[in-house]
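Residue numbers (the working numbering), protein chains in the order written: chain A, 118 to 230; chain B, 3 to 117.
For glycine and all other residues, C-beta sits at the position ideal for the given N, C-alpha and C.
Everything numeric in this text was worked out from a predicted model, so none of it was measured.
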Amino acid sequence: EPEVTQTPSHQVTQMGQEVILRCVPISNHLYFYWYRQILGQKVEFLVSFYNNEISEKSEIFDDQFSVERPDGSNFTLKIRSTKLEDSAMYFCASTWVLDTEAFFGQGTRLTVV
Amino acid sequence: AQSVTQPDIHITVSEGASLELRCNYSYGATPYLFWYVQSPGQGLQLLLKYFSGDTLVQGIKGFEAEFKRSQSSFNLRKPSVHWSDAAEYFCAVSGGTGGGNKLTFGTGTQLKVEL
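Structure, rendered in structure tokens:
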């Protein structure tokens, strides 16, 4: 069964450092998403991406965040200068088209120290 | 703005007992509704979804959910819980046709199963 793959599973970084979280969506999917879940809180939408551009973003997704699809398979989330409050589980998801269910990856646990 | 409420933070049931997890949503039109399950250290797995049609939907692992428009609810049920069902369950809503695919999640319900 096709699946969304995220790497790494866990990343520890120092405050102020840049991190890149990587995702390989399901191969024929066209819409890509990042969500995050701070420990003990709900899963929150960050950004959606379609046709090589951001289609929607939340107020959480400020200038410190960026997304990219550098090739035909990877979808990345970059945090330029990490803060302690960026510590969370980050989930990548993809959908084939609009109005279909999202498939989620296993998540990357980011710990900022 | 769309929102989801899961009023039960923790639920404990005995193995073999029935289960109902509550979910209420707020959305201006007919939403798309989902239940996801998250086991410890795992990602989010889709249990079932409602887009339109029959308001009682069947999902994986023996789960079902009923969409009740009049109550703005989409409660998840299982007639007989297994120990492996212990996990966190999230109800989510998206904007329906033309409303975009962004999911809004509830705060989750942690299910504990007693043997």
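Interface flag, residue i vs chain B, CB-CB below 8 Å
i         : result
Leu201(A) : no
Ser204(A) : no
Gly222(A) : yes
Glu170(A) : no
Where the beta strand (DSSP E) through residue i begins and ends
i         : result
Phe53(B)  : That residue, Phe53(B), is in no beta strand (DSSP E); it is neither H nor E in DSSP.
Phe166(A) : 160-167
Gln4(B)   : Where Gln4(B) is concerned, there is no enclosing beta strand (DSSP E), given that its DSSP letter is neither H nor E.
Leu23(B)  : 21-23
Ile137(A) : 136-141
Phe208(A) : 205-212
Glu218(A) : Counting along the chain, Glu218(A) falls outside any beta strand (DSSP E), and DSSP gives it neither H nor E.
Rounded distance between the beta-carbons of residue j and residue i, thought under 8 Å
i         : j         : result
Phe182(A) : Ile196(A) : 6 Å
Ala88(B)  : Val115(B) : 5 Å
Ser41(B)  : Ser82(B)  : So it is not a contact: roughly 19 Å between Cβ atoms.
Residue-chain proximity (residue i, chain A), Cβ-Cβ < 8 Å
i         : result
Phe69(B)  : no
Thr109(B) : yes
Asn103(B) : yes
Lys51(B)  : yes
Thr106(B) : yes
Gly61(B)  : no
Gln44(B)  : yes
Ser117(B) : Correcting the residue identity first, residue 117(B) is Leu in this sequence and not Ser. Taking Cβ atoms only, chain A never reaches closer than 8 Å to Leu117(B), which makes this a no.
Phe76(B)  : no
Phe92(B)  : yes
Leu48(B)  : yes
Phe36(B)  : yes
Strand pairing of residue i, partner residues [DSSP]
i         : result
Arg128(A) : Per the sequence shown, the amino acid found at residue 128(A) is Gln instead of Arg. DSSP output for Gln128(A) lists Leu227(A) as bridge partner(s).
Lys114(B) : Thr14(B)
Ala94(B)  : Phe36(B), Phe107(B)
Glu66(B)  : Gln60(B), Arg79(B)
* To do: Tell me, please, whether the stretch 197-207 of chain A touches the stretch 142-161 of chain A by the rule of three or more beta-carbon pairs shorter than 8 Å.
  => yes
* For the stretch 211-219 of chain A and the stretch 137-148 of chain A, state whether three or more C-beta atom pairs, one from each stretch, are separated by less than 8 Å. => yes
* **Cβ contact (3+ pairs, closer than 8 Å) linking the stretch 20-36 of chain B and the stretch 48-59 of chain B** => yes
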